[in-house]
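Asks: Here you go, one structure.
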Amino acid sequence: MSMIRDLRSAVRPSLRKDRPGYQADAPPDTTSAVVDCAVYRDGLRERDRFTPGQALQRARSTGGFAWIGLHEPTEQEFAGIAEEFGLHPLAVEDAVHAHQRPKLERYGDSLFTVFKTMHYVEHAESSATCDVVEGGEVMCFTGHDFVITVRHGRQGSLRALRHRLEKDTELLAKGPSTVLHAIADQVVDGYIAVADALQDDIDEVEIDVFSVPGGRGGDAGRIYQLKREMLEFKRAVSPLIRPMQLLSERPMRLIDPDIQKYFRDVADHLARVSEQVLSFDDLLNSILQANLAQATVAQSEDMRKITSWAAIFAVPTMIAGVYGMNFEYMPETDWHYGYPLTLLVTVAICTVMHRGFKRNGWL
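Given below as structure tokens:
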């Protein structure tokens, strides 16, 4: 509770131009974390510039809604907005500190939704150390007359989404739930793009594992890195299924009935991505097991070859060891053809052993 008291008593800092998301044309008393602040009435954006508090008052007086966008606010920067909009302290703490699990929570007359954004990192060739996906977070406070979006990380920018919604005035006139749906739809569309790109990476690894003769084409580190990235992707997708089901199936006062139909489409797409993630995980497990099995087989083949050559070289070693002993009475030592006969017998035995090992697949 001490943190909450600090939030309530904090004073807004002045603008800092080195802060990400700074807007040169922002009102003088707007916190530096605010990247956009607007009021929408009947689907149209008002041209006046507002502080977050002014935007809320304007929205309530005109029957519209305010949309405040923030990027990585600090506790002090978010304190005034939280107090003016009556946001719950627990939700405020989650929004400031990030690293939250995707979820949907209701606090009084507002909804707090957390989304994990995912972006595929382009790379020339996957390896055991390269990152395949990069994540961020978008938190959304939705009330009757306001929407507050808090973004963390470099991914998941909402600027293009805002511009796209402003062109569809009829849809935007439905209120804050339109913005919530648009964010959910954009996040899930990002999941679909990441899943398609990961499919290509997995196909590439699968081909490498099974295409090289001798089972030496796989890279266990590369496969394991893909599994780690897939786990991060799964942590973003799976927890979001239940919130999307609630938004699409359960009637809520804050969600327009017409917009709720669109949430069903988002939930369907999310379910498809979730199935893909599970199938990818199973496929990577199978590929990793196959790679390890191939490595074991390759090691066994190497050991057989080493053992075969060791057995072949043991014959001349044995014969040389016997005839290298300095006994006076040894067979064939005084015979004129003893030396060439010994060499011939040695070569013959080694040749027979080599052909036998080769016929049995050991060489």
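Numbering (my numbering), first residue to last: 1 to 363.
Beta carbons: idealized from backbone N, C-alpha and C, even for Gly.
(1) For the alpha helix (DSSP H) holding Thr178, just list the boundary residues, first then last.
(2) In this structure, what does DSSP give as the bridge partners for Val345?
(3) What does DSSP give as the partner residues of Phe112 in its beta bridges?
(4) Whose C-beta lies closer than 6 Å to the C-beta of Phe78 among residues of the same chain, with five residues either side of it excluded?
(5) Which residues in the same chain have their Cβ closer than 6 Å to the Cβ of Asp281, if we skip the five residues on either side of it in sequence?
(6) Just the Cα atoms here: how many angstroms apart are Phe65 and Gln289?
(7) Using only the alpha-carbon positions, how far apart do Ile223 and Leu283 sit?
(8) DSSP three-state label for Asp36, please.
(9) Return the bridge partner residues of Ile312 from the DSSP annotation.
(10) State the Cα-Cα distance for the pair Leu278 and Pro251, rounded to the nearest angstrom.
(11) Tell me which residues share the same chain as Val34 and place their Cβ nearer than 6 Å to its Cβ, disregarding the 5 neighbours each side in the sequence.
(12) Taking the alpha-carbon positions, what's the Gly221 to Arg228 distance?
(13) Measure from the alpha carbon of Cys350 to the alpha carbon of each residue in Ala314, Met244, Leu56 and His144, then state which is nearest.
(14) Does DSSP put Glu122 in a helix, a strand or coil?
(15) Rounded to a whole number of angstroms, what is the C-alpha to C-alpha distance between Thr62 and His144?
(16) According to DSSP, Thr149 sits in a beta bridge with which residue or residues?
(17) Taking Cβ to Cβ, would you say Thr113 is nearer than 8 Å to Leu161?
(18) Nearest to Lys358 by alpha carbon, out of Gly190, Ser308 and Val150?
(19) Between which residues of its own chain and Ala26 is the CB-CB distance below 8 Å, once the five residues before and five after are set aside?
(20) Taking Cβ to Cβ, would you say Pro257 is nearer than 8 Å to Pro102?
(21) Could you give the first and the last residue of the continuous alpha helix (DSSP H) run that contains Asp94?
(22) Compute the distance between the beta-carbons of Phe233 and Val133, then report whether it is under 8 Å.
(23) Helix, strand or coil, according to DSSP, for Gly215 in the structure here?
(24) What did DSSP end up calling Glu75 once you bin it into helix, strand or coil?
(25) Please name the residue, chosen from Ile319, Val352, His354 and Met325, that lies closest to Pro340 on a Cα-to-Cα basis.
(26) Under the three-state reduction of DSSP, which class applies to Glu134: helix, strand or coil?
(27) Does the beta-carbon of Met303 have 16 or more other beta-carbons within 10 angstroms, so that it is buried, or is it exposed?
(28) For the candidate residues Asp219, Gln54 and Arg159, whose alpha-carbon lies nearest to that of Ile202?
(29) Leaving out five residues before and five after Ala311 in sequence, what residues of the same chain have Cβ atoms less than 8 Å from its Cβ?
(30) Among Ile148, Asp109, His99 and Leu111, which has the Cα closest to the Cα of Gly135?
(31) Along the alpha helix (DSSP H) that carries Ser61, what are the first and last residues, could you check?
(32) Would DSSP call Arg41 helix, strand or coil?
(33) So, using beta-carbon positions, are Phe368 and Ala184 closer together than 8 Å?
(34) Hey, would you say Tyr191 sits closer than 8 Å to Val273, going by beta carbons?
(35) Can you check which of these residues, Ile259, Tyr262 and Glu72, is closest to Glu137 by C-alpha distance?
(36) Is it the case that the Cβ atoms of Leu172 and Gly43 are separated by a distance below 8 Å?
Replies: This is what the structure gives:
(1) As a working note, residue 178 is residue 178 in the sequence shown. It spans Pro176 to Ser211 - the alpha helix (DSSP H) in which Thr178 sits, taken as one unbroken run.
(2) On the sequence shown, residue 345 is found 345 positions in, with the first residue counted as 1. In the DSSP output, where bridge partners are listed per residue, Val345 has none listed.
(3) Position 112 of the sequence shown, counting from 1, holds the residue named residue 112. Answer by DSSP bridge pairing, in chain order: Glu105 and Phe141.
(4) For this step, residue 78 is matched to residue 78 along the sequence shown. Cβ neighbours of Phe78 beyond the five flanking positions: Val96.
(5) Within the sequence shown, numbered from 1, the residue matching residue 281 stands at position 281. Within the same chain, Asp281 has close Cβ partners Met230.
(6) Here residue 65 corresponds to residue number 65 of the sequence shown, with the count starting at 1. Here residue 289 corresponds to residue number 289 of the sequence shown, with the count starting at 1. Whole-angstrom Cα-Cα distance: 55 Å.
(7) Translated into positions along the sequence shown, residue 223 becomes position 223. Translated into positions along the sequence shown, residue 283 becomes position 283. Rounded to whole angstroms, Ile223 to Leu283 spans 11 Å at the Cα level.
(8) On the sequence shown, position 36 is the one that residue 36 refers to. Asp36: strand per DSSP, three-state reduction.
(9) Locating residue 312 in the sequence shown gives position 312, where the first residue counts as 1. The partner list for Ile312 (beta bridge, DSSP) is empty, contrary to what the question assumes.
(10) One-based indexing of the sequence shown puts residue 278 at position 278. One-based indexing of the sequence shown puts residue 251 at position 251. Rounded to the nearest angstrom, the two C-alpha atoms are 30 Å apart.
(11) Position 34 of the sequence shown holds residue 34. Excluding residues within five positions, the ones whose Cβ falls inside 6 Å are Leu70.
(12) Here residue 221 corresponds to residue number 221 of the sequence shown, with the count starting at 1. Here residue 228 corresponds to residue number 228 of the sequence shown, with the count starting at 1. Distance between the alpha carbons of Gly221 and Arg228: 11 Å.
(13) For the purposes of this step, residue 350 is taken as the residue at position 350 of the sequence shown. For the residues Ala314, Met244, Leu56 and His144, the minimum Cα distance to Cys350 belongs to Ala314.
(14) Against the sequence shown, residue 122 aligns to sequence position 122. Note: Glu122 maps to coil in three-state DSSP.
(15) The residue you call residue 62 lines up with position 62 of the sequence shown. The residue you call residue 144 lines up with position 144 of the sequence shown. If I take the Cα positions, the gap works out to 13 Å.
(16) Position 149 of the sequence shown holds residue 149. In DSSP, Thr149 forms a bridge with Gly69 and Cys140.
(17) Numbered from 1 along the sequence shown, position 113 holds the residue referred to as residue 113. Numbered from 1 along the sequence shown, position 161 holds the residue referred to as residue 161. Result no, Cβ atoms of Thr113 and Leu161 do not sit closer than 8 Å.
(18) Mapped onto the sequence shown, residue 358 falls at position 358. Selected option, being the one with the closest Cα: Ser308.
(19) Residue numbering aside, residue 26 sits at position 26 when the sequence shown is read from its first letter. Caution is warranted here: a pLDDT of 38 is assigned to Ala26, below 50, making its placement in the model unreliable, and the coordinate value is therefore given only provisionally. Once the five neighbours on either side are set aside, the close Cβ partners of Ala26 are Leu15, Val34, Cys37 and Arg49.
(20) Along the sequence shown, read from residue 1 onward, the residue named residue 257 stands at position 257. Along the sequence shown, read from residue 1 onward, the residue named residue 102 stands at position 102. Cβ distance not < 8 Å, so Pro257 and Pro102 don't count as in contact.
(21) Within the sequence shown, the letter at position 94 stands for residue 94. It spans Pro89 to His97 - the alpha helix (DSSP H) in which Asp94 sits, taken as one unbroken run.
(22) Here residue 233 refers to the residue found at position 233 when the sequence shown is read from its first residue. Here residue 133 refers to the residue found at position 133 when the sequence shown is read from its first residue. Yes. Within cutoff.
(23) Here residue 215 is taken as the residue at index 215 of the sequence shown, counted from 1. Residue placement at Gly215 is flagged as unreliable, the pLDDT there being 49, under the threshold of 50; a coordinate-derived value is accordingly withheld.
(24) Within the sequence shown, the letter at position 75 stands for residue 75. Helix at Glu75.
(25) The residue you call residue 340 lines up with position 340 of the sequence shown. Among Ile319, Val352, His354 and Met325, the Cα nearest to that of Pro340 belongs to Ile319.
(26) One-based indexing of the sequence shown puts residue 134 at position 134. Residue state, collapsed to three classes: strand.
(27) Position 303 of the sequence shown holds residue 303. With fewer than 16 Cβ atoms within 10 Å of its Cβ, Met303 is classed as exposed.
(28) Taking the sequence shown and counting its residues from 1, one reaches residue 202 at position 202. Nearest C-alpha to Ile202: Asp219.
(29) As a first step, residue 311 must be located in the sequence shown, where it is residue number 311. Cβ within range, chain order: Met353 and Phe357.
(30) Residue numbering aside, residue 135 sits at position 135 when the sequence shown is read from its first letter. Gly135 has its Cα closest to that of His99, out of Ile148, Asp109, His99 and Leu111.
(31) Within the sequence shown, the letter at position 61 stands for residue 61. Pro52 to Thr62 is the extent of the alpha helix (DSSP H) around Ser61.
(32) On the sequence shown, residue 41 is found 41 positions in, with the first residue counted as 1. Looking at Arg41 - three-state DSSP - the assignment turns out to be strand.
(33) Look at the range of the chain in this structure, 1 to 363, and you will see that residue 368 is not part of it.
(34) Counting from 1 along the sequence shown, the entry for residue 191 is found at position 191. Counting from 1 along the sequence shown, the entry for residue 273 is found at position 273. Yes, Cβ-Cβ distance for Tyr191 and Val273 is below 8 Å.
(35) Numbered from its first residue, the sequence shown carries residue 137 at position 137. Considering only alpha carbons, the answer is Glu72.
(36) Here the question's residue 172 lines up with position 172 in the sequence shown. Here the question's residue 43 lines up with position 43 in the sequence shown. In this structure, Gly43 lies closer than 8 Å to Leu172 by Cβ.
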